[in-house]
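What follows is a single structure, written as structure tokens, with notes after it.
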Ligand code: PEP
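Numbering (the numbering used here), first residue to last: 155 to 410.
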């Protein structure tokens, strides 16, 4: 069987509990059967418990936006894998560019968080991507390689095979400026090669998502890029109608 498209909603620091409830009411009313898509909601930590209750009985799964590498203790503001699992979280975004740029995360901390997620049974969604300066200097593929090789340091092939990756050019996140199909295809192809170099035995079946200003108007074009196995969506995932439109277009494309 072909694997499902992964459509992950990164809600960032948005959505109160009331807003989560309103969103899911609308979302569940609009969405029909979606056998080809795996939908992952990544709300802020404060909404995980409630979202788990709201998602009960659905096929949508819950993701978090980060995880710390220690089990417990004096780490103010961090969250442990065990805490996430107690909210029924199965996936976790690691190394989002906002974490790297605004909160000092490095490839090394991404590696530590990823190892902890894997050893706890969480599926990491590791984000990588170049800045506009790096792209203009022709450094994109070297940056992606470095982010992956350091981020995956000492992670064995069995675990790499279980992960999800998201290519998110920093200049395309939240800017309305989507990367061009040839840029996306080139980056995804390079990422798959690096995954093999890093030890993945089945890189062809590892989901590599694209993220960066995906919306209901441009998703059709993205669906034509065969290297893309899904999306990580910020802004457009906050609007139930638009998010549903993205999922429906994906389902229809696959069925065509
Ligand atoms: C993101 O936050 O990962 C993202 C891709 O945001 P946006 O869709 O708003 O560009």
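For glycine and all other residues, C-beta sits at the position ideal for the given N, C-alpha and C. Computed from a predicted structure; not experimentally measured.
In the structure shown, what three-state DSSP assignment does residue 155 receive?
Your numbering for residue 155 matches position 1 in the chain shown. Any reading at residue 155 is ruled out, since the residue's pLDDT is 41, under 50, leaving its predicted position unreliable.
Could you give the distance in angstroms between the alpha-carbon of residue 155 and the alpha-carbon of residue 318?
Looking up residue 155 in the chain shown gives position 1. Looking up residue 318 in the chain shown gives position 164. Confidence is the limiting factor: at residue 155 the pLDDT is only 41, short of 50, which leaves the residue's position unreliable, though a coordinate-based value still follows. Straight-line spacing of the CA atoms in residue 155 and residue 318 works out to 18 Å.
Tell me whether residue 399 counts as near the ligand PEP, meaning its Cβ is closer than 6 Å to at least one heavy atom of that ligand.
The count along the chain shown starts at 1 and reaches residue 399 at position 245. At a threshold of 6 Å, residue 399 does not count as near the ligand PEP, since its beta carbon sits no closer than that to any of the ligand's heavy atoms.
Pairwise C-alpha distance: residue 377 and residue 261
Numbered from its first residue, the chain shown carries residue 261 at position 107. Numbered from its first residue, the chain shown carries residue 377 at position 223. One C-alpha to the other measures close to 30 Å.
Local Cβ density within 10 Å of residue 249, reported as buried at 16 or more and exposed below that:
Numbered from 1 along the chain shown, position 95 holds the residue referred to as residue 249. Counting the other Cβ atoms within 10 Å of the Cβ of residue 249 gives 16 or more, which makes it buried.
Whose CA, out of 242, 196, 235, lies closest to the CA of residue 211?
Along the chain shown, one-based indexing puts residue 211 at 57. Nearest option by C-alpha distance: 242.
Give the single residue among 234, 375, 167 whose Cα lies nearest to the Cα of residue 407.
Start at 1 with the first residue of the chain shown, and residue 407 comes out as number 253. Residue 407 has its Cα closest to that of 375, out of 234, 375, 167.
Backbone secondary structure at residue 360 - three-state DSSP:
Sequence index remark: in the chain shown, residue 360 carries index 206 (1-based). Coil, per DSSP.
Compute the Euclidean distance between the alpha carbons of residue 337 and residue 303, then round it to the nearest angstrom.
Here residue 337 refers to the residue found at position 183 when the chain shown is read from its first residue. Here residue 303 refers to the residue found at position 149 when the chain shown is read from its first residue. So the alpha carbons of these two residues sit roughly 21 Å apart.
Spell out the partners DSSP gives residue 348 in its beta bridges.
As a first step, residue 348 must be located in the chain shown, where it is residue number 194. Looking at the DSSP assignment, residue 348 forms no beta bridge with any residue, so it has no partner.
What do you reckon, are the CB atoms on residue 265 and residue 305 nearer than 7 Å?
For the purposes of this step, residue 265 is taken as the residue at position 111 of the chain shown. For the purposes of this step, residue 305 is taken as the residue at position 151 of the chain shown. For residue 265 and residue 305, yes; Cβs fall inside 7 Å.
Look at the Cβ atom of residue 161, then the Cβ atom of residue 405, and state whether they are nearer than 7 Å.
For the purposes of this step, residue 161 is taken as residue 7 along the chain shown, with counting starting at 1. For the purposes of this step, residue 405 is taken as residue 251 along the chain shown, with counting starting at 1. Between residue 161 and residue 405, the C-beta spacing is not below 7 Å.
Please state whether DSSP places residue 194 in a helix, a strand or coil.
As a first step, residue 194 must be located in the chain shown, where it is residue number 40. Note: residue 194 maps to strand in three-state DSSP.
Three-state secondary structure assigned by DSSP to residue 368
Within the chain shown, the letter at position 214 stands for residue 368. The answer is coil: DSSP assigns residue 368 none of H, G, I, E or B.
Hey, quick one: how far does the beta strand (DSSP E) through residue 217 stretch, first residue to last?
By 1-based counting over the chain shown, the position of residue 217 is 63. Annotation for residue 217: the continuous beta strand (DSSP E) segment containing it runs 215-218.
Helix, strand or coil for residue 355? Go by DSSP, reduced to three states.
Start at 1 with the first residue of the chain shown, and residue 355 comes out as number 201. Three-state result, residue 355: coil.
Local conformation of residue 309 per DSSP, three classes
For the purposes of this step, residue 309 is taken as the residue at position 155 of the chain shown. Note: residue 309 maps to coil in three-state DSSP.
Measure the beta-carbon distance from residue 279 to residue 320 and round it to whole angstroms, keeping in mind my assumption that it falls under 8 Å.
Counting from one through the chain shown, the residue named residue 279 turns up at place 125. Counting from one through the chain shown, the residue named residue 320 turns up at place 166. So it is a contact: roughly 6 Å between Cβ atoms.
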